[in-house]
Structures are given as structure tokens and as C-alpha cells.
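>
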Amino acid sequence: MHSVWRTQELLQLILENLSPFEWEDLVNDPVKYLDKFETCYLRRSDYGEKDLLNLALTCRAFKEPALNVLWRAMWSVTPLFELLPGYEAASYDDDDELRLALINGPISESDCETFLSYARRVKYLVHLDNFGGPPGRIHPSSYIRLSQAAGSFCLLPSLQYLTCGTSGSDLHHLLSPKLIAVTLSPTHGDDRPVDFWMMSSDLYRQAPDISHLVLEYNLSTSCSQYVPRMTRLKSLRLWNHARDDFNLDTSFFKSFSSSSTLSELCIKGSISLLFDEPLKRSEVTFSNLTILIFSTTLPSVEQLTNFVTMLELPRLQEFTFCCSSQNIGEVEATRWQKLFQRLARSTSSEFRSLTILGSQPELTCMTFADIPAIFDLRLTCLKIPKFLRTVTPKDVAAIVQAWPHLESLTIPYPIGFMSLIDIAKGLEKLRQLHIGLDCRNIPPVEQIPVLTNSLPLLTIKSPILSPPDAYDLAGGLDRLFPELETRTYTYFDSSTFSSFWNDVNKLLSLQQRARRDQQLRDKQSATKLLTSTVNSFLVTEQKMHKVLHTPELWQLILENFAPSWEDLVRNPLDYLNRFNCQDALTDAKADACLLNLALTCRAFKEPALDILWRTMWGLTPLFKLLPGYEELISDTGRRVIIRGPILESDCKTFRSYAERIKFLAHLSAMGGTPGGIEPSAYIQLSQAIGQACLLPSLRYLICGTSSPDLHFLISPKLVGLSIDPTHMPRHLDDFWTILASLHCKAPQISYLYCDYPMSTACFQSVAKMSRLRSLRLLNSNPMEGDIVPTINQAFFESFSSLSTLSELDITGSVKLFFNSPPPALRISFENLSTITISTPLRSIGEITDFLGLAGLPQLRLLKLSYDAEVIDKAEKVRWQNFFRHLERSTTREFKSLIIKGKAPTSTCMAFADISAIFSLRLTDLEMPRLLRTVTCADLTTVVSSWPDLTSLAFPFPMNFHGLMAIAAGLPKLKKLRDVRLQTHDLPQLAEIPVATNSLSFLSFEIDVLYPTDSYLLAAGLDRLFPCLGGRGLFTDPNKLEMNGKAFWGHVYKLLDMLQSARKDQQLRDEQPWHDIPIDMI
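Residue numbers (our numbering): 68 to 1148.
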């Protein structure tokens, strides 16, 4: 299976589409779907559950993400308890009495692990029971026994959303610290829901992240005390079902701070709002409250005014309240005017919806003219009860002018048809209209304007009057609102007129159907016109432009589908690696596009196929072109043969595709022949074609198995070859023979990578390839008893002075042997820029002799592996000669010297003994502890000799003053590694200079005591290296004790803090001058 399917995050996203419930809807609006009547709407279907179950049972990689989605939402805890072996389901006895579910026997540790492994997946739970008993009919003792056995009081540790329908002791075992939304709403009446009271009072402590809360039961007065303690609430709904009211006064709202996250507040039921005393303006601020609903015991207008005066609601969008007055005279009308004035002051331009609930007063003299402050609100939704005396045409005109963006309007007063026309003209965004309509004096249909108002829902409450002609009313409504839904609701005061309104509805439906039929006719006419146009276009001969017949142009265009090919051509050895090649050179989407292009047009076919077949990961697709291709499956594996004769037409088809292949990864995952193709199939095909090479255009080849079929793949155009077996074969004869004849079969070979047990003869064969640019030889995994191959002077002499070799890498078990150094240079490598000798050198003299006979004018990097136990006087002399010959063999192009290996057990060498090293112009130096000691004078010489150093590995003891010298003398240094800092004697901070060094990485080798003042060390490092930061500092945690880890962890944090403070100051300094206060200028 492809590794991408092991990415749990990707599988989680895919399996979300099989979720049997709408999880995104729940996350976006938890309160809505936590309602006990709305939970059923979360379920999509049962098909998703079956698919998830099949996926979990199919593959181990799919199991966890599938179970996570399957168990995420639960409508009962019964399936969880059924996982326990001792679970005994609920049943009825002989007397028809219900016996609750129990857990019989002990609960073992493995049972708890099984239970919790599934319980951790549950994030949504509906805890209801339709028959009044405990949810799932599980006995409360089962919860207690299970929590004791599991050692955790909470049985659902990941629960986030909970709907409780029964007040019982089992609820306490469901309280998770991750709860963010809770609904407590009993399905059956309970006058004293004690467990609900206990649970809700402790909720702020048990679930500190609670953000959505719905309480719908007999609330107690303590509710006003514990609810404000939930400081992260976003949505709060309180609905008191008790007969007796409990009071909410100003202290309840003041307890929510100005930084409250509350965005929705709904208070319903038997709750009294006490705001009798005049309050200060904007005493409490709800900075995020968008929805406010008061549907409680009817407060007076004066109380509401006091409440609105107290609040500052900058983001309020919807306000719903219930208010009733028996009689509305002039004084009461003044109070309503004051209420709207205070509401306009407390809200902002975001306020959009106003809903007023209540019964009709017995007597009212108030009109819209008495409450002009209501028009100061910028509303898109208005719903008012019948508390005005009347609504005149002037009032309707004022509504249209004040609120042109209204989307919903409810005014239960009879208005004339002309006012309805004004509404249709002025409120083009209206989506819901609930009005009373005076059906008298309806103008003729031809006098009613034809409008495009898109109102879909119209509700009419008609008074008991003589009805007009149904045709006139339906025709008039259809002209004003052409997009009315066919089922428009109408209310009437008497059943006498029921048939009239039914006729109106039917006529509206007929008119709308007729209009849609005409739209369908127009659409069909347009379709016929389009079809005839297309047919005429197809009949007319349209020729493709000549420029699109140019194959070279298409080749350039389609190269964009293979962006890595140019990188492969520039640096083949980076891609001739069996671990990197497929990820870098494969793009399934690009291949699909190329295939579609090849199938679309004959002009596109050839260039698209050239790129599609240019890179191959096996020859199976090529052999499948032959009619006789057959796969044989047996216990030994898969074998491919070619049955029957191969005709000339078959050969022609094979060649037409084989000539396109330029890159081939010839690998085998199981150690057999690649693709399971038998060598006899290659021989049979080669004989039929009449040529030994089956891929005449092949340029890059990765060989992963030593088998005879390789001999049919070596092309005369081959420039890059990688021999890197996926499984070490018993016999390497085919690898050795291919390498021996490669200089003849592929004279243009330029890039060679060999990683397998090699012999001396292999190195001799490589020496015959005079056009090599890059050579990497890894004599890895030598077989027992093999003789270590030797590279002698003749190997290098075979490369002429015109050699193109630019990279040489010799690694593994190889012996270097050179004759005594000649008096003059005899071999010149004009283009060699990188040399890597990773075979462990027991003496530096092994490579010194090579440097004595070679000229390396372009050498930039020399990388060695040194593994001597002791550096005595004789070895010290060899090191002196090494640096002397290195300086003579190279030029100013030489920049990097990297010596890997462990430190010798004893050494007598110092910098003064190898002074020739300072003649090199290095920018990168890395060496193990080859020297006995490094003095301050040596460090001064290092800084003065190599001022352009960018990378330095310096594993020698150094005090902080040495670090100061490096910071001052090496301004270009980016990496400083393996410093053995002596931290017991730090200078005072005032003595450390403020440097501008751009060092970004610093690693320490710590083996001494730690200083007591971590602040001084961090401040000193920050002064020397301002770009370092805590992330750029590294110490090996494996070499530190616990105290050391804590100390250096503190240093990291301090460096990050200092760097952050410095960046903040730079940001302040970069502010434009006009942001500076005037008194400072």
C-alpha cells in the first residue's frame, strides 16, 4: 500500500465524508443540535456506518480513523457497556417489572482498557430515555463499578458535546474536562431534578472550557450564582419550567465582565427581570453579544428601558423581548419612545433585527408617529405585535424609506393594496412578509405595476370584510411578487372565506406554473438554436493552426509536465538513487494529463507519448505490448513469459515505445528478476528484433538486481548508471561483467555510482572510462573472505590530463597504495572539484602520496576519514607533509577541508607543527581533536588566517574570551560546531562587546561544570551573536545530566526572549514618524 495512505490526518479527512451525521453543522451551531428535538437531524443515514465498519475490518491502516468517526457520536452508552464481558442487558421479569442492566462478575484491567479505548473516541452523546427510566436502562451501580475499576471518575474523557434528558446519578460520570457544550433538558417532568442541580452548579469547575450551555428544567435561585462563574460561555439559554418565578437582577448581568465571550443570551420561562431602579448608562458591556432574547414573565417597558440603559452592546444584531401593556396612553407611549432611544444609543450599526412579542392591549392610542426613535435603528428584520392603534399609508412609506434593506417584516395591521404596492417597490430584498390586508378597493390588474420583487413567502391575515374577486387579488399579487412560493400561507378570521383564499392560492399556483412553462419553452428554443449553431460549426471544416503541427513546439510545451527532468540532466547522480528517484520524478496528475492529450488529438500524440514513456519504473508495461505476454503465478512467485512467436508487427510496436525510454529504474522488491520477467523473454525478444540492446535511447539506468537481463539494457547512449542492489545477491557476476564492458558498450558514460562488493578488477574497469564527470564507488558489504581491493597509482594515472572528472567519491573497504612521491607533478586533474575518501585512513600518509603526484587546480572540497589510534612523532611529520603537498597541489579555488573520524587516544601535535595549514584560504574547516591543545595565540592565528570562514568545527577547549575573539574576527561565520566551552569563568557583561556577527548555529560539547549564572551566559551569547536565538544553540542531551538539561533549557529560553525583545524594538524604530506623538517631535 502506498505510504500516503498511512497518513492518519489524510484518512481522517477522507472518512469524514462517510460520517453518518453532520459533524460540521454540530461544531458550527452546537446549541441547535444539542436540543433533544433536533438531535435526530444530525443523522444522515446508516449507509455510512456500514462503510466505516467495513473499512475498519479491511485494513489496519484504516482501522483507527474509521473507528474514530464511527464512535464519535453516540445516541446511547449501551454499546460501550456491551463491550464488557459481564454485561447483562435489561429485561422484564415474570411480573412485567423492568430489571435494569448490570455488570456481573469482576471487571478486569483488560476489560477497562477495551472500554476506554472506545470511550476515548466518543465526543458527542445524547443521553436520553423515552420511558422515564435511566438512559439505556443501565443501573447506576454499573457506572460506579466501572469507574472504580478504571480508576477514573469520568468514563468519557474526550466528550465535548452532551445532551442529558434524565436527571440521575449517572450524569456525574459523564462530566469530561473537555466539555464545551451541554444541554440539560428532561424528556419527562421532574419537579426536583437534584442531579441536574448538582451537576450544573459544579460545571464551571469540572468543565472549565464550557462555552455553550442550555438549562431547561425547574431552575433554582442558585442558578444566578454559578452560571456567571463560567467565564468562557459563548451561548447561554436559561428556561425555567417551574411554576414559581426566580429573579434575575442587575447583579447577574454585572457579573459578566466586559471581556466576556458571550455571544448569545436567551432567557425564557418563569424568570422575573428586576430593573426597577434607574441605572447608570453603559454600566455593563457585552463586547461580543450578538443575540439577546427575553421571553420571560412580562416585564414593564420601564424595566426594559432601565435594562437597556445599563448595557453597552456594540455587536448586538438581534434583540427579542416580550412586553405587554394593558393600556397604552400618552405616558406609556412616551416610555416606548424612550426605550427605542436608549436601544439606539446602546447598540451600533451592526444591530439588524428587532422582535417584540406580547399580547394585544385592551386600549391603545400609540402610532408610529409617537415612537419616531424606532426609525433610527438600521433594521433588516422587524416583527411587532398589535400594540399600535393603526398603520397608515404614511407609516408604510416611512418604513420603506427608513429600512430599504428589510428582509423580514411583520406588521399585523390591515393595510391597503396601494401600501402593499409601495412595499413591493421599495423593499426589493424582502424575503418574508406577514401583514394584514384590507382587500377593499383593489385596483384593476392592468393598473398594478409589473415588478421583479423576489419575495418567496407572504402571510396574509385578512379582516372579516366582503371579499373581492379572487382573480383580481391573485392577479395583483402575482404582478407584484412573481417568485411567490406556490404554498403561500393565508389566515382568515372566519371559515366563511376559506374557499375564497383556497381559490387565491390555486390561482397563484396556476400563474406561477404558466410562467415557468414559458421559461421552459424559451429554454428549449435556445437549446435548439444552440444545437443548430454547433451542428453548422461541425459541418464547416475547421483546420487546426499550422503552428500546432510543429512537434518541437509541443515538446517544449509538454516539458512543463516533467519539471524534474532538467534537474536530472544537470545533476544525474542526485536522481540515480533508488531511494529518491521515484518521489522526485513521479507525478500522477501530470501523467494523467499527458495521457488525455495523447488520446485527444493526433498532433498531440507523439510529443505526449515521448514524455509519458521517457521515465519508466520497470519494463512490465513495455512487455505487455506483446500479444504473447503471460503471467504465471506459483508458490515461488510471479513469472512472466512470452508464449508463441513474436511477429515483425509486434517488434515494430515494441520498438516504437522502447525508443522513447530514456530513464529506467530496473529494481526488484523481492530480490528476484525485476517485474518477474524471465531472462528467456529478453533473449526471445532480442532475437526477434535483431539487436542486443532493447532500449536504444536509454540514457539513465538504475540497476537493483544482478541478473542476465541487464546485458540487454546497456545502450550506446547511456550517460548515467547506478548499480545499487535492493537485495545483496549471492553472485555478482553480471554486475562485474557489465562494469568490465561498460567503456565499450557505453562510451559516453559520464556518471557512475556503484554500491556493492567490488574487486580490484572493478576499479581497473572504471579507469578505462575516460569521459567520466562524476564517480562514486562504495565498496559496501564485502563478503567474508574477500580480498580488500587496492587502488594504486596506476588507477589515477589512467585518467589523462584531459579528463572531465569533477567529482570523485571512494567509500568503504578500499586500500590506497602509492609509490614514493615523485620529484615533480605527473598527473593533472583539470576539472576535479570534489574529492571524498571515506575509507578509514590508518595513516595520513596514505593520501599524502596521492597529493604528491597530483595537480588539482579546480579542487574546492577535500573530505577525508581519519581513524588513527595514536599521533606520534612519525605521524606528525606525515601531517606536516600532508598540508605541504595539499598547498602545492591546489590553488586559491580550494575552500573546504573536512576531516571526519574519532579523536586519537594520544597526540603530540599542535598548530605550530602544521603551520602549512594556514597557507590555505579556507571558508569551511572541520577536523577532530588531532591537536594536543589550542592556545590563545593559535586562536588568533586561525582568525587572522581565515577571515572569510563561514563554517568551523573546533572541538578544542576554549574559554569565553576565545569565543569573543571568534565573534570579532570571523564576521561571515554562519556555523560554529563542537566547541568545548569552559563556562566556569565568565567575564562580566560589561566586558563583552556588542558584536554584529551573523552566526546562526552554535553547538557545544559540554563536559565541564555548569556556571551558576545562566542569565550572564545567555546575555553574553546574545551580545556576541544577535542572530543566534535559542533555536540556533545546540547541546547533545545524551551527554547532559538532569541539572545540565535544566540549565541549558533555561539558556535557550533566555536567548529566545532576548532576540524577541530586540526584534520588537526594531519594529518600533521602523514605525513612520507620523505615528510618534506630537509632544515628542
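Virtual Cβ for every residue (Gly too), placed ideally from N, Cα, C.
#1: Can you say whether residue 569 is buried or exposed, counting buried as having 16 or more other CB atoms within 10 angstroms of its CB?
#2: Restricting to Cα atoms, I'd like to know which of 462, 176, 546, 661 is closest to residue 514.
#3: Residue 662: buried (16+ other C-beta within 10 angstroms of its C-beta) or exposed?
#4: Residue 520 to residue 482, Cα distance in whole Å?
#5: Between which two residues does the beta strand (DSSP E) holding residue 903 run?
#6: For the beta strand (DSSP E) containing residue 481, list its first residue and its last residue.
#7: Beta carbon of residue 544, beta carbon of residue 525: below 9 Å?
#8: So residue 1024 is in the beta strand (DSSP E); what residue range does that whole segment cover?
#9: Drop a sphere of 10 angstroms on the beta-carbon of residue 1156, count the other beta-carbons inside from all chains shown, and report buried for 16 or more, exposed for fewer.
#10: In or out: residue 1113 buried (at least 16 other Cβ within 10 Å) or exposed?
#11: Counting only runs of 3+ residues fully inside the region 205 to 286, write out the beta strand (DSSP E) ranges in chain order.
#12: Just to confirm my understanding: we take residue 518, look at its own chain, exclude 5 residues before and 5 after, and list those with CB closer than 6 Å. What are they?
#13: How would you call residue 714, buried or exposed, if buried means at least 16 neighbouring beta carbons within 10 angstroms?
#14: If you run the structure through DSSP and keep just helix, strand and coil, what is residue 314?
#15: Using only alpha-carbon positions, find the residue among 1057, 187, 1064 that is nearest to residue 1084.
#16: Using the Cα positions of residue 762 and residue 815, report the straight-line distance between them to the nearest angstrom.
#17: Could you round the C-beta distance between residue 362 and residue 387 to whole angstroms and report it? I think they count as a contact, below 8 Å.
#18: Excluding the 5 residues preceding and the 5 following residue 465 in the sequence, name in chain order all residues of the same chain whose CB lies nearer than 6 Å to its CB.
#19: Mind checking whether residue 527 and residue 504 have CB atoms under 9 Å apart?
#20: For residue 765, I'd like the list of residues in its chain whose CB is within less than 7 Å of its CB, leaving aside the five on either flank, ordered along the chain.
#21: Taking residue 417 as part of the alpha helix (DSSP H), name the residues at either end of that continuous run.
#22: Assuming the contact rule is C-beta atoms closer than 8 Å, residue 839 and residue 819 should be a hit. Round their C-beta distance to whole Å, please.
#23: Going by alpha carbons, who is nearest to residue 188 out of 356, 135, 231?
#24: Go ahead and pull the three-state DSSP assignment for residue 13.
#25: Find the nearest neighbour of residue 769 within the set 718, 1095, 493, 733, judged by alpha-carbon distance.
#26: List the DSSP bridge partners of residue 333.
#27: How many angstroms separate the CA atom of residue 168 from the CA atom of residue 194?
#28: Compute the Euclidean distance between the alpha carbons of residue 627 and residue 698, then round it to the nearest angstrom.
#29: Can you give me the C-alpha to C-alpha distance between residue 971 and residue 1064, rounded to a whole angstrom?
#30: Kindly indicate the opening and closing residues of the alpha helix (DSSP H) around residue 1150.
#31: Work out the CA separation of residue 192 and residue 140 for me, nearest whole Å.
#32: Pull up the CB-CB distance for residue 858 and residue 899, whole angstroms please, since I reckon it's below 8 Å.
#33: In the region 418 to 473, which residue ranges form an unbroken beta strand (DSSP E) of at least 3 residues, counting only runs that do not cross its ends?
#34: Reducing DSSP to helix, strand and coil, say where residue 778 ends up.
#35: Taking the alpha helix (DSSP H) that residue 663 falls in, what are its first and last residues?
#36: Mind reading off the beta-carbon distance from residue 961 to residue 927? Whole number of angstroms is fine, and I expect it under 8 Å.
Result, derived from the coordinates:
#1: exposed
#2: 546
#3: exposed
#4: 19 Å
#5: 901 to 908
#6: 475 to 482
#7: yes
#8: 1024 to 1026
#9: Coverage of the chain is limited to positions 68 through 1148, which leaves residue 1156 absent and any answer about it impossible.
#10: exposed
#11: 228 to 231, 248 to 251, 279 to 284
#12: 491, 547
#13: exposed
#14: strand
#15: 1057
#16: 16 Å
#17: 7 Å
#18: none
#19: yes
#20: 728, 729, 731, 780, 782, 784, 785
#21: First-last for residue 417: undefined, no H or E at that position.
#22: 6 Å
#23: 135
#24: The requested residue 13 is not part of the displayed model; the chain covers only 68 to 1148.
#25: 733
#26: 304, 360
#27: 16 Å
#28: 36 Å
#29: 33 Å
#30: Residue 1150 lies beyond the range of the chain shown here (68 to 1148); nothing can be said about it.
#31: 6 Å
#32: Contact doesn't hold; Cβ gap of about 15 Å is too wide.
#33: 420 to 424, 448 to 450
#34: helix
#35: 655 to 667
#36: 6 Å
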